[in-house]
Structure formats: structure tokens, C-alpha cells
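What follows is one structure encoded as C-alpha cells, with my remarks underneath.
2 protein chains.
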Amino acid sequence: MRIEDLDTPALVLERDRLDANLARMSARAKALGVDLRPHLKTAKSAEIARRATAPHSGAITVSTLREAEYFVAQGFTDLLYGVGAVPDKLSRVAALQSGAARVAMVTDQVAVARALGEAAAALGGDFAVLVEIDCGDGRAGVAPESDDLLEIGRVLDAAANVALRGVMTHAGHSYACRNAAEVEAVAEQERAAVVRAAERLRSAGLPCPVVSVGSTPTAAHARSLEGVTEMRPGVYMFNDVFQAEIESCGFDDIALSVLTTVTGHHRERGEIVIDAGGLALSKDRSTAEGPRDVGYGLVCDLRGAAVLPELHVVRVSQEHGIVAAPGGGLPFEALPPGTRLRILPNHACMTAAAYDRYEVVAGGDEVIARWDRVNGW
Amino acid sequence: MRIEDLDTPALVLERDRLDANLARMSARAKALGVDLRPHLKTAKSAEIARRATAPHSGAITVSTLREAEYFVAQGFTDLLYGVGAVPDKLSRVAALQSGAARVAMVTDQVAVARALGEAAAALGGDFAVLVEIDCGDGRAGVAPESDDLLEIGRVLDAAANVALRGVMTHAGHSYACRNAAEVEAVAEQERAAVVRAAERLRSAGLPCPVVSVGSTPTAAHARSLEGVTEMRPGVYMFNDVFQAEIESCGFDDIALSVLTTVTGHHRERGEIVIDAGGLALSKDRSTAEGPRDVGYGLVCDLRGAAVLPELHVVRVSQEHGIVAAPGGGLPFEALPPGTRLRILPNHACMTAAAYDRYEVVAGGDEVIARWDRVNGW
């Protein structure tokens, strides 16, 4: 099958770009002397997880328990569930651990650590928990110098059926950087925060075997990961317009796009309508905060080459996208109704989540496989 | 099962509010003397479609061919595929029409009308097409006074295997209104545009049996639909914060919410973290343009009553939502980690699309059913 035979909208993944992205990050991890525990929240695909982990330990990170269930069923055994746990989720984790698989959890709350300890004692089995550290992102995590860090560590270490596995952080504030030099500084902040937290736990006589960092920008630009044991980038597998804008990758490294069809021309407004709207592209507006706002996505031709003059998806409703040329000069004659286009997404994680499969393309236009995805919770 | 036994995040649908919303719109359609062809792009559920169409002809509107395939498999036979068609989609429509079902299409392009005619002649069978009219929304559609209207009508009427079924429009610009009086004016604009288009087609000797309007705000506030044969609202089934803000409904009419769990407190920032983020809530920011910006959703307690002081989801990342009280006074003590909350969404269509099922609740907290949804394309 060729790409022009696909129904639209469709989620297209270029295998060769994917593999190059995986190889580049794998080499980064090896050069920095850490394990790569890729975050599968972006790809949510066993095929991609196998490719990403093949040169490493096989460890993965997930963002939902449904992902965990899917990947355990696919044979993965070393998982980190990277979103703050609560005791109500422990029974699903216990069920996942009925075989060889182990699913470590994270928390940044003393109250949750206590409640997890009590729930684990009641459930039996063995549970591993990491303390989440805030390295400057301001989303979740305790400060490396906080009393809470040691208190959570002590509570977890003392709890029956619970192992204190270590510390983890996510430098989400790297997304506010605008170039590689700024990201490099955040990467050092990320490293320093989590290494300091590990030192404090160890100084208090507590175990801290795992020291985990992770974000695609910092993984791409960290100069040293001394003291760190693993990294957990995720969106690097596909990349997207936002990552290219902040110099995590080049535009030619974007492996994911949405195939769409032109359904109408509105010359009086300088607009064409496509069949990829807010659901097919997502309503993510990451690039609104970046150096160049591409609306809801950057428009390429069927082969994935950027269309000139630059075209953006400027508005969306549920199943309609409106394409315009903010600089003027929309080439109507070259794009009659029925024309296939590809849209590079602002944010690959959000866009991919609307699809239950990838149409995998190689050699420019040959559809060589269909890989499934696991969505939901 | 009770609502507190559900895993989070989960999509909760209150049956009694749903049924009241369906009954109210059904009564509106009957009072206005038109058929109700509800748009299933929001609900994407056969169970809900059956309830919505029971007092009417059974006709429905869909936004994707996957919806069409799902609803035909569930026994629906009179469908309007309400997004601009292209010839590449005709083979799926033909397959859908192999039995009793008929799936009408829409276009606003002379070139597409010609190409559909040629493709229909090649495929055989019978296809119905409506001309899409722009009543002021500026998304798609031809102007009622345009030459293109008559040209498309003539092309479709002359094509073998194609029937010109009529005209349809969508007053999407009603979403820019801020109160019922403004919506009433747009509803009259919507009616007048499509009735005028129908008159022009008929004056040219062309058939126009169907005259179709549709948007939840205009359906809620139209004073007359004289000359119109059917209406196609969709989000009225669930409603959402944006619809309540623009007076399509009351806040007590919002039937859909996302059940979530508090995972952490960050008192130094005045924030709590919940396990519903950008995927569970969507990144829709409709209310940013409305009278009151509630961020990514309005926070209620487990029973669905609004929490005071007013709490909003102020930031999201993929699986994290950040709740704050923009007016100050976040009640940390009342919301310890593990607390279940419900989030009323900005835009029900976008939020529901992340889920493959509804957890249907009645009597406040009893989960009485699980209804499936069809996503994707």
C-alpha cells in the first residue's frame, strides 16, 4: 500500500526517522553513562518500545496504568509508573506484579507515603517507590533540601512490603527554554537537584539505588549526568514542531505527521479547509509560546517536505482545519480539493493520542506496517 | 458499583441530566416544527443516539466515516455525514449503503461536486449530497446569494447516481455570542441563509427537499425555524462550561464530567495536583474567550456540586492537572491526597474523545451502566 491509499485523517510514522531518533538518544545515554528508560507516554506502542529499549536494559516508563497493563502483557518487566501514585491504584499495581513484572511508583507527599505503606501492608506483596524531586519545574516533587524528602524516605523505608527505590525528577521547565544553551543549563539544574536529593537520603542512612532524570530537551543537551543512573525522555522518538523550535532536534527529525485531505477552497478569505481538525491534530498550542507560532501545525506536502510559502493550520474545529499562509500567497492552484497533505504537529504526545494505530511509512511513500497504540486509562 | 470505586481518570455521565437535556431539545424541535437529526460527534454512542432519536425520525448526523460505520452496524439507516466530502471517501460510503442505510454527504465546492459525480458514475449505486451554506461562520459553505450555490446544485442534479438532497448550514459563529439575545439573532441569520439558499435552488428548477440547520446555541434560542426541515445540534446532550457561560444551558444541566483523584499538595504555590491532565480533560480552552475563564475545567466535589471557593484547573501537562483557586483560599484540609473530584469540562466534545466508554451514573453516586463510544476515523 502507498501513502496516498490511506483514508484520512491518519497518523503517519516514518520508520527511518524514528529509528534514527532512537539511535541518537541511545548513543546519548551510552555516552553519558546512564541507562535509557524511555517514557512510553508518547509512543504507547510495544513495537516502538522494543526498538527503543533493545540496546539497553529493557526498562521503561509509563504514564498510566493502562499503559503498564499493555506493556506487561507484551513482556516488559521493569516499569516505572511516573505519575504520582495514590493507594487506590495499588491493587492494579499488585495485579500487574503477579508475574515477573515490577512496577515502581512515585510520590512527593508524606501523607501518600504513609497511606501507601498501610495499603501495601494490607495487600501483601512487594512495592517499590521513588521520591519525586522538583528540580525547578513547579509541577510536582519535593525540593532537594526539604524536610519532606527525608520524611518520605524514612516512611517508605520503614513500611512493610515497600522498598525505597530512589529519586526521580522531570525538568519540564526545559520546555520554556529557547535554545540549546538554555537547555544545557536546565539539564545541569536537573542533574544537580536529583543527585543532591540522593546524597541527602544516603547521608540519612536510607537506600537510593536509582537516580533518575528525564525530559527530551535535557536528555538532548546535558553535558554530564554524573551521579545519575538513568534517563527517561519520551517525545524524542517522534519529535515535533515545538521540539524543533527549541532545538531538541531538526525539522528533518520529525517522524510523526497527520495525513489529511483538502476538502475546500475559500479564496475570498485566503483559506483552504482540510479534514484534520481539533481531534486529529489536538488543540495543543505549544508553539504559541515559542519562537514561531505555527497555529495547530505546519503544513507539508504528501512526501513530508515543507510547503512554500509557509502554511499553518490557523484554526480548528472538531473535524475541520483551516489552512492559511500568514505571510500571504496561499498556492490554491497547487492544492485543489482532494490533495493530500501532511501536518507536522505542535506536540506529538497530544496528537498521537487521538489514534489507535500508526501507519508506518518507509521509502517516502510505502506503508510497510500498522502498529497499534494503547490509549486511555 | 459506586462512583468512588471507579479508577481515575474516568468519564462520568449523569443519566438523569442526559435524559433531561434530550427531552428539552426534543420538545424544542417539536415546538419549532422540525425533525431532530442529532449530531453524534459529541456522544459517539449508540445507546445515547437511540435515546436522542426515539421521539423523532431516527435520522442522525455524524462527523466521521468511522462513526457512520459504527451507527450503521447498530441499525441506524438515515445518516448525514456532515463534513465536506471528497471522492476518495465515496467507496466507504458505498460500502455503508450496501444494505438499507443511506449516508448523505455535503460539499461547498464546484470541483468536488463534479468529481463526486464522476466517481459516483464509475462506482454505481446512489448517492445523496447537500450543498453546505455559510450563514456567517466563515468556516465552510457557499454564500446563499453566490453563483457557486446554483452551479453546485446543477452539477449534482445532473450527475448520474447522485441526488441533490438540499442545503445545510452550521451557525458556528453562535459560539462567539455571549448571551441568549445575541444567539437568537444568529439563529435567525442561520435560518434566513439556508431558507434563501433553498428558494434560489427551487427557483432554478432544482430539488431541495432538505433544509437543515444546526448548532446547540441556535437550537436552544431560535424563535422560528420557518422553512427549515431539520436541526442538528450535538453538544446539548451533555452541555459543558462553555455552553453554560453563553447561556445555552444552566450549570446544573452539564451531564458530563471527569472523575479524578488528588495526588499531591503544594501549599507553597497554592496548588494541588490531580491525575487528570491534558489528555483526560483535553487542551480545549474555549472559556478563555468567554465571560469567565475556568482554565481547563471547573472543579466540583465527588457528587458534582461546585466547590467553593471556585477552583479551576489552571495548568495541564499530559497526565497532571494543576488546581488552584484564582480568587485565593484553596481548601487544602478538605482535599487531602486521595480525594476524588469531578471536573466539568470546557468543551464536552473534545474531552469525551479521550475515552472509549462512559461510566453512567444515577442517583448521585451509583454506576448503573458502561456505554461504549466510537473514536477515530
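Listed in order, the protein sequences are those of chains A and B. Position 53 (the first sequence) corresponds to 53 in this note's numbering; numbering is contiguous. Position 7 (the second sequence) corresponds to 7 in this note's numbering; numbering is contiguous. No residue lacks a Cβ here, since even glycine has one placed at the ideal position from N, Cα and C.
C-beta atoms of residue i and residue j nearer than 7 Å
i: residue 39 of chain B; j: residue 61 of chain B; result: yes
i: residue 359 of chain A; j: residue 6 of chain A; result: yes
i: residue 216 of chain A; j: residue 235 of chain A; result: yes
i: residue 156 of chain B; j: residue 129 of chain B; result: yes
i: residue 223 of chain B; j: residue 184 of chain B; result: yes
i: residue 107 of chain A; j: residue 84 of chain A; result: yes
i: residue 11 of chain A; j: residue 255 of chain A; result: no
i: residue 246 of chain B; j: residue 349 of chain B; result: no
i: residue 34 of chain A; j: residue 302 of chain A; result: no
i: residue 347 of chain A; j: residue 284 of chain A; result: yes
i: residue 282 of chain A; j: residue 351 of chain A; result: yes
i: residue 87 of chain A; j: residue 121 of chain A; result: no
i: residue 276 of chain A; j: residue 9 of chain A; result: yes
i: residue 66 of chain A; j: residue 377 of chain A; result: yes
i: residue 353 of chain A; j: residue 279 of chain B; result: yes
i: residue 145 of chain B; j: residue 110 of chain B; result: no
i: residue 117 of chain A; j: residue 163 of chain A; result: no
i: residue 368 of chain B; j: residue 321 of chain B; result: no
i: residue 56 of chain A; j: residue 32 of chain A; result: no
i: residue 90 of chain B; j: residue 119 of chain B; result: yes
Cβ separation of residue i and residue j, assumed to be a contact under 8 Å, to the nearest whole Å
i: residue 154 of chain A; j: residue 206 of chain A; result: 7 Å
i: residue 132 of chain B; j: residue 168 of chain B; result: 6 Å
i: residue 314 of chain A; j: residue 295 of chain A; result: 4 Å
i: residue 136 of chain B; j: residue 171 of chain B; result: 7 Å
i: residue 80 of chain A; j: residue 104 of chain A; result: 5 Å
i: residue 311 of chain A; j: residue 323 of chain A; result: 5 Å
i: residue 362 of chain B; j: residue 50 of chain B; result: Rounded, the Cβ-Cβ distance is 17 Å, inconsistent with contact.
i: residue 125 of chain B; j: residue 97 of chain B; result: 6 Å
i: residue 2 of chain B; j: residue 230 of chain B; result: No, residue 2 of chain B and residue 230 of chain B are not in contact; Cβ-Cβ is about 40 Å, not under 8 Å.
i: residue 127 of chain A; j: residue 161 of chain A; result: 6 Å
i: residue 228 of chain A; j: residue 191 of chain A; result: 6 Å
Simplified DSSP assignment, three categories, for residue i
i: residue 143 of chain B; result: coil
i: residue 32 of chain A; result: helix
i: residue 223 of chain A; result: coil
i: residue 328 of chain B; result: coil
i: residue 355 of chain B; result: coil
i: residue 40 of chain B; result: coil
i: residue 374 of chain A; result: coil
i: residue 334 of chain B; result: helix
i: residue 231 of chain B; result: strand
i: residue 364 of chain A; result: coil
i: residue 58 of chain A; result: coil
i: residue 46 of chain A; result: helix
i: residue 156 of chain A; result: helix
i: residue 13 of chain B; result: strand
i: residue 6 of chain B; result: coil
Is there contact here, the stretch 328-343 of chain B with the stretch 247-261 of chain B, by at least three beta-carbon pairs under 8 Å?
By the criterion of at least three beta-carbon pairs nearer than 8 Å, the stretch 328-343 of chain B is in contact with the stretch 247-261 of chain B.
Do the stretch 69-76 of chain A and the stretch 39-51 of chain A make contact, defined as three or more Cβ pairs closer than 8 Å?
yes
Beta strand (DSSP E) segments (min. 3 residues) lying fully within the stretch 61-141 of chain A:
Here the runs fully enclosed are 78-81, 102-107 and 127-133.
What runs of the alpha helix (DSSP H), each 4 residues or longer, lie entirely inside the stretch 245-318 of chain B?
Every alpha helix (DSSP H) of 4 residues or more that sits fully in the stretch 245-318 of chain B is shown, in chain order, as 278-281.
Taking one C-beta from the stretch 316-335 of chain B and one from the stretch 266-277 of chain B each time, how about it: are there three or more such pairs within less than 8 Å?
yes
How about the stretch 187-197 of chain A and the stretch 209-218 of chain A: do they share at least three Cβ pairs that are nearer than 8 Å?
Yes, they touch.
Quick check on the DSSP output: what are the complete alpha helix (DSSP H) runs of length 4 or more inside the stretch 165-215 of chain A, in order along the chain?
Counting only runs of 4 or more, we get 180-203.
Does the stretch 28-38 of chain A touch the stretch 239-253 of chain A, meaning 3 or more C-beta pairs lie closer than 8 Å?
no
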